[in-house]
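Inspection log for the structure reproduced underneath, given as structure tokens.
In this note's numbering, the protein residues as written are 1 to 226.
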């Protein structure tokens, strides 16, 4: 963990975009194969025994709790806004924590420990082992895909105007991206409580001339490719 903190301070956040498909799938296959080999062929080595020990469970769960506290106590900002922050928490990546080397190192430890424990149970005889194996293997896949799969995800913000269409969106890093379809605002409505507090609001827009309705807490799904 100390090494990951040093790397974070020197190089900045972890480059998730580099691990987009198919590299993320290859890493998962290699990781699983390495754990299977280590458990079957090097089970008596100190390193494998460490990954299987109860102490490793305590450390990884402690990291999970600490990481959750960081995410809860520090506002999680877009990458561009997080880069503008100063101070030690900013250098450690606390304002965009899921992309920090500290988070990645802790996740690697958690997934490796979880994978080794799952393999130990899988290679033991008995019918009851499969419930444990399937539950833990599913958790492993969910954690891996949820974090590493974010390399495939892109968050864009686009302003829409009443007088003209627009297809210029901006990434979290502040990079302009041209969408293949244009968006334009047609109308918007704000409903308020008697004291003036907004109660509900929605917007009527057009996507390449086709009407669409955007509403709070009602995500709109539409392909933005031609």
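Don't be surprised by glycine CBs; every beta carbon is placed ideally from N, CA and C.
- Leaving aside the five residues that flank residue 182 on each side, the residues in its chain whose CB is nearer than 7 Å to its CB run, in chain order, 165, 166, 167 and 208.
- If you draw a 10 Å sphere on the C-beta of residue 60, you find 16 or more other C-beta atoms in it, and that means buried.
- Within the same chain, Cβ atoms closer than 6 Å to the Cβ of residue 82 are found at 95 and 96, the five residues on either side in sequence being excluded.
- The Cβ atoms of residue 184 and residue 201 lie no closer than 8 Å to each other.
- Assignment of residue 170 by DSSP, reduced to helix, strand and coil, places it in the strand class.
- In this chain, residue 213 is not harboured by any alpha helix (DSSP H); it is covered by the beta strand (DSSP E) spanning 210-215.
- Taking 8 Å as the cut-off, the Cβ atoms of residue 105 and residue 206 do not count as close.
- If you draw a straight line from the Cα of residue 49 to the Cα of residue 43, it comes to about 7 Å.
- Separation of residue 179 and residue 197 (C-alpha to C-alpha, rounded to the nearest whole angstrom) is 34 Å.
- In the three-state DSSP reduction, residue 162 falls in the coil class, being neither helix nor strand.
- Each residue's CA atom was taken as its position, placing residue 54 and residue 33 some 23 Å apart.
- Sorting 156, 149 and 116 by C-alpha distance to the C-alpha of residue 16 places 149 at the top.
- By a beta-carbon distance limit of 8 Å, residue 101 does not contact residue 118. Their separation comes to about 25 Å.
- Rounded to the nearest whole angstrom, the C-alpha separation of residue 138 and residue 147 is 14 Å.
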